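Student:
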Amino acid sequence: MPKNEKKISNKPKVAFFDFACCEGCQLQIANMGEDLLDLLGVIDVVEFREVMSEKWDKDYDVAMIEGSITDHHAEERIKKIRSRSKVLIAYGSCATLGGVNGMKNSFELDEIRKYVYGAGYTYFDSTPTKAVDQVVKVDYYVHGCPVYLPEVVEVLKCALRGIPYSVPDKPVCSECKLNENGCLYEKGVVCLGPWTKAGCNSWCPNNGNICYGCRGLVKNPAKNAAKNIIEKYRLDPVLMKNKFDMYNKAKEATNEPKK
Amino acid sequence: MSPKNKDLDIKVEYVTRVEGHGNIVVDVKSGNIEKCEFHVVESPRFFEGMLRDRSIFEAQHITSRICGICSCGHTLASIQGAEDALGFKPSEQTIKLRKVLLDYEFLDSHLLHIYLLAAPDALGAPSFVPLIKTHNAVVRRALRMKKTCNDVCDILVGRHVHPISSIVGGFTKLPRPKDLDAMIDLFEGIRKDMEETVALASKLKFPEFYRETEYLGLVSDDEEYPLLSGDIGSTDGRRFAKKDYREATNEFVDPRSSAKFTKLSRESYMVGALARFNLNSNKLHPKAKKAAKDLGFKAPDYNPYMNTVAQVVEVVHCYEHALDILRDLRKKGINYSEELVVGVNEKGHIPVKAGNGVAAVEVPRGILFHNYEIDEKGLIKNANCIIPTNQNINNIEYDMMKLLPEIIDEGKEDIRLKMEMLVRAYDPCISCSAHYLDVKFVE
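This is the structure in structure tokens:
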């Protein structure tokens, strides 16, 4: 046996990968503090470029994917990772929805490339922003910008046990009410809570800000309640569309995730 | 083998333990350095382009997403640029709380770099993971301190990654007396860890390498170590108002590549902790001055590897500075009538006019510029950001070109490690720089 070969443990091999994103979601995981050591006790983190120099050349039990797919190289890379992974988890809005990167899709691709990079724009490959499931099959989703840590832990537990996790499909308002926040509409500002998936414990409204829709839209919004809000507060459709586009634009292209 | 006919070919793809994706390329043929470069290879994200036609009141939310590590720094720069464009003057209380937030950002980011990204090299490990076994107390301390920084941020602005309550105009939620007490207590709880961090820094060994360059950062005429506001200044005696940031940065395309670099009085300049230390060390908190003295660290220091030590000194400064402000706010009390609900300013709380605003804010990796041009409805027409890491890339390459001949007799692995450590010392944040990319294509 070569002297440097490490003993392979039976713990699940978990790898973290990032694509186009701010890397804030992996930072959320680093922010677990000393609890991180407990997590590391049950899994083997085999790749995590931001904090580790180690590399792994075998298959992964779980691949954690952060970021959107925004160029040809990324598309090839995510396909390779998928083929080596038993379970693939997309975490963070950039991965699950396209997130803020999707706002690029509101512009003519070459126009926005030229605006930012000038004449040399063709040096920088760029394709319309895609969520991970618009390229490969995703087994678990953790929405949010950034991800909400208790949900990350919950999803990891499900993934490691091989049981499904259902993303809450009720609006943020359901949590906001429980947290006894005053409704932001009453304060005269437009909040996307009524249309956005819960699961973040109404993080932004708890801190006095509006919901920006970072967890994606609920499948079946309470249509009458939503209609009431739109009529009561005379919401401008252009303003609303603009607000939804901040996180959800890339998902317009196709609603059918890859199988 | 004598250096004269040495061949060396080093390609480090995706330098690890830096924020974002970067490559080092070294190519030596018969002792001649053909290439010695640092490439940023992150996928571009087009933030400036995407901001167009969005409300200036959304700029903070969007630009904070340029980078998870620097999200509070981008938040504060974005707000300053927006308020400058709108002609809005924040209250004294708001400025104090923003200074606390910036201190938190420095602490969080510097501690991450010192412990998890830089220390493994100095302790001879490939990452912090093996250190869990060999240096368990050090790893626990690091995670504990990181968690504390995170917790105080949660209290002040809702969370550290993409802060919630810090917006144009002020804060949507102001800390209650119990919140101020909690933040003070949390900080006091890591006082001993702070002392041990300085003690650890005294044990870290860094390569002996010197290259004097121009150091650029905020300067001011008052006694406070300038982080949130000031003019743009350099150790070569230059000074500019922040609105003239383009004259200070002089972005140019290098004939070696398609990259955009920055320079001022010399071939390159450096920004970040070492630059700030070299410019403003006399304004540090007395306890930070003492830490520097204990570490035998004096301005000016021309060793870029010492950037990590400058970060340790700033950690002490920001810790004490934030505590001073928190105690002062606790004593004087907070005016809660300043709490804001803004959204996209639907209610017109903040008067809107067309304008052009510039922010110059020190963030952990150096001076950060945001510039917004808005129309009379408050919609963004043009946006520009110049990021610290972008400003440093040119300087990193000049460092590498001076370093390589000095260490060329060493083995390839040692050369590779020293090059990687040099890049890491700058604590580059490539997610940030990628929006304005400096990719160079070899071959």
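Chains as they are written, first to last, in my numbering: chain A, -18 to 240; chain B, 29 to 471.
Beta carbons are placed, not taken as given, at the ideal position from N, Cα and C, and that holds for glycine.
The structure presented is a predicted model; accordingly, all values stated were derived computationally and were not measured.
(1) Contact check, VAL53 (chain B) vs LEU432 (chain B) under 8 Å by CB: the rounded distance?
(2) Within the same chain, show all residues whose beta-carbon is closer than 6 Å to that of ALA387 (chain B), passing over the 5 residues directly before and after it, in chain order.
(3) How big is the Cα-Cα spacing for ARG73 (chain B) and LYS360 (chain B)?
(4) At 3 residues or longer, what runs of the beta strand (DSSP E) sit wholly inside the stretch 50 to 122 of chain B?
(5) What residue range does the beta strand (DSSP E) around GLY385 (chain B) cover?
(6) Would you say GLU86 (chain B) and ARG169 (chain B) are within 8 Å of each other, going by their C-beta atoms?
(7) What does ILE191 (chain A) reach in chain B if we use C-beta pairs closer than 8 Å?
(8) Are the stretch 213 to 221 of chain B and the stretch 34 to 41 of chain A touching, with three or more C-beta to C-beta distances below 8 Å?
(9) Could you give the distance in angstroms between the alpha-carbon of ARG65 (chain A) and the alpha-carbon of LYS138 (chain A)?
(10) Give the range of the alpha helix (DSSP H) segment to which PHE305 (chain B) is assigned.
(11) Taking only beta-carbon atoms, is ASN(-15) (chain A) less than 8 Å away from chain B?
(12) Under the rule that 16 or more other beta-carbon atoms within 10 Å means buried, what is SER99 (chain B), buried or exposed?
(13) Please classify MET227 (chain A): does DSSP put it in a helix, a strand, or coil?
(14) Where does PRO148 (chain B) land, buried or exposed, given buried means 16+ other C-beta within 10 angstroms?
(15) Counting only C-beta atoms, is ALA234 (chain A) closer than 8 Å to chain B at any point?
(16) For GLY77 (chain B), count the other beta carbons within 10 Å of its own beta carbon; 16 or more makes it buried, fewer makes it exposed. Which is it?
(17) Can you name the residues that DSSP bridges to HIS398 (chain B)?
(18) Using a C-beta to C-beta distance shorter than 8 Å, which residues of chain D count as neighbours of GLY169 (chain A)?
(19) Name, in chain order, the residues that DSSP records as bridge partners for ASP37 (chain B).
(20) Under the DSSP definition of a beta bridge, which residues are partnered with ASP25 (chain A)?
(21) Against chain B, with Cβ distances strictly below 8 Å, would PHE(-3) (chain A) count as a contact?
(22) Taking the alpha-carbon positions, what's the GLU132 (chain A) to CYS157 (chain A) distance?
(23) Taking 8 Å as the cut-off, decide whether the C-beta atoms of ILE435 (chain B) and TYR454 (chain B) are in contact.
(24) Nearest to VAL97 (chain A) by CA position, among B:PRO416, B:ILE443 and B:ASN410, is which residue?
(25) Given that CYS100 (chain B) touches chain A, what residues does it touch there, using C-beta distances under 8 Å?
(26) Restricting to runs no shorter than 4 residues, where is the alpha helix (DSSP H) found entirely within the stretch 176 to 210 of chain A?
(27) May I have a chain-ordered list of the beta strand (DSSP E) segments no shorter than 3 residues that lie completely inside the stretch 56 to 95 of chain A?
(28) Alpha carbon to alpha carbon, how far is PHE88 (chain A) from ARG274 (chain B)?
(29) Report the residue from B:CYS413, B:ASN420 and B:MET428 whose alpha carbon sits nearest the alpha carbon of ILE94 (chain B).
(30) Check whether chain A comes within 8 Å of GLY197 (chain B), counting only Cβ atoms and requiring the distance to be less than that.
(31) For VAL68 (chain A), which residues of its own chain have a beta-carbon under 6 Å away from its beta-carbon, when the five flanking residues on both sides are left out?
(32) Can you give the Cα-Cα distance for CYS181 (chain B) and PRO191 (chain B), rounded to whole angstroms?
(33) Express the C-alpha separation of ASN182 (chain A) and TYR16 (chain A) in angstroms, rounding to a whole number.
(34) In terms of DSSP beta bridges, what is GLU242 (chain B) paired with?
(35) Among B:ASP221, B:THR263, B:TYR238 and B:PHE199, which residue has its Cα nearest to the Cα of CYS185 (chain A)?
(36) From what residue to what residue does the alpha helix (DSSP H) around ALA338 (chain B) run?
Tutor: Looking at the coordinates:
(1) About 12 Å; that fails the 8 Å criterion.
(2) Once the five neighbours on either side are set aside, the close Cβ partners of ALA387 (chain B) are ALA105, GLN108, GLY109 and HIS398.
(3) Distance between the alpha carbons of ARG73 (chain B) and LYS360 (chain B): 44 Å.
(4) If one requires a minimum length of 3 residues, the beta strand (DSSP E) runs lying completely within the stretch 50 to 122 of chain B are 50 to 57 and 60 to 68, in chain order.
(5) Membership of GLY385 (chain B) in the beta strand (DSSP E) is indicated by the continuous run 383 to 391.
(6) 8 Å or more divides the Cβ of GLU86 (chain B) from the Cβ of ARG169 (chain B).
(7) GLY371, listed in chain order.
(8) No: fewer than three Cβ pairs fall under 8 Å.
(9) Straight-line Cα distance between these residues: approximately 21 Å.
(10) Unbroken alpha helix (DSSP H) run through PHE305 (chain B): 301 to 308.
(11) Confidence is the limiting factor: at ASN(-15) (chain A) the pLDDT is only 41, short of 50, which leaves the residue's position unreliable, though a coordinate-based value still follows. No - not a single Cβ of chain B is within 8 Å of the one on ASN(-15) (chain A).
(12) Label assigned to SER99 (chain B): buried.
(13) For MET227 (chain A), the three-state secondary structure derived from DSSP is helix.
(14) So PRO148 (chain B) ends up on the buried side.
(15) No - not a single Cβ of chain B is within 8 Å of the one on ALA234 (chain A).
(16) When all chains shown are included, GLY77 (chain B) counts as buried.
(17) HIS398 (chain B) is bridged by DSSP to B:ALA387 and B:CYS413.
(18) Absent from the structure: chain D. Protein chains present are A and B.
(19) Bridge partners of ASP37 (chain B): B:ASP55.
(20) In DSSP, ASP25 (chain A) forms a bridge with A:LYS(-6).
(21) Taking 8 Å as the threshold, the shortest C-beta distance from PHE(-3) (chain A) to chain B does not fall below it.
(22) The alpha-carbon separation between GLU132 (chain A) and CYS157 (chain A) amounts to approximately 17 Å.
(23) No, the pair does not count as a contact, with Cβ atoms beyond the cut-off.
(24) Looking at the Cα atoms, B:ASN410 is the closest of the given residues.
(25) Here the premise fails: no neighbours, minimum Cβ distance about 11 Å.
(26) Counting only runs that start and end inside the stretch 176 to 210 of chain A, the alpha helix (DSSP H) elements of at least 4 residues fall at 184 to 187.
(27) Taking 3 residues as the shortest admissible run, the stretch 56 to 95 of chain A contains the following complete beta strand (DSSP E) segments, listed from N- to C-terminal end: 66 to 72.
(28) If I take the Cα positions, the gap works out to 27 Å.
(29) Nearest to ILE94 (chain B) by alpha-carbon distance, out of B:CYS413, B:ASN420 and B:MET428, is B:CYS413.
(30) Look at GLY197 (chain B): its C-beta is not under 8 Å from any C-beta on chain A.
(31) Excluding sequence neighbours, VAL68 (chain A) sits near VAL43, ASP120 and ALA140.
(32) Near 8 Å, if we compare the C-alpha coordinates of PRO191 (chain B) and CYS181 (chain B).
(33) According to the sequence provided, residue 16 (chain A) is Asp. The question's Tyr does not apply to it. Cα to Cα, ASP16 (chain A) sits roughly 21 Å from ASN182 (chain A).
(34) Answer is B:TYR297.
(35) The option with the nearest alpha carbon to CYS185 (chain A) is B:PHE199.
(36) Per DSSP, ALA338 (chain B) is one residue of the alpha helix (DSSP H) stretching across 335 to 360.
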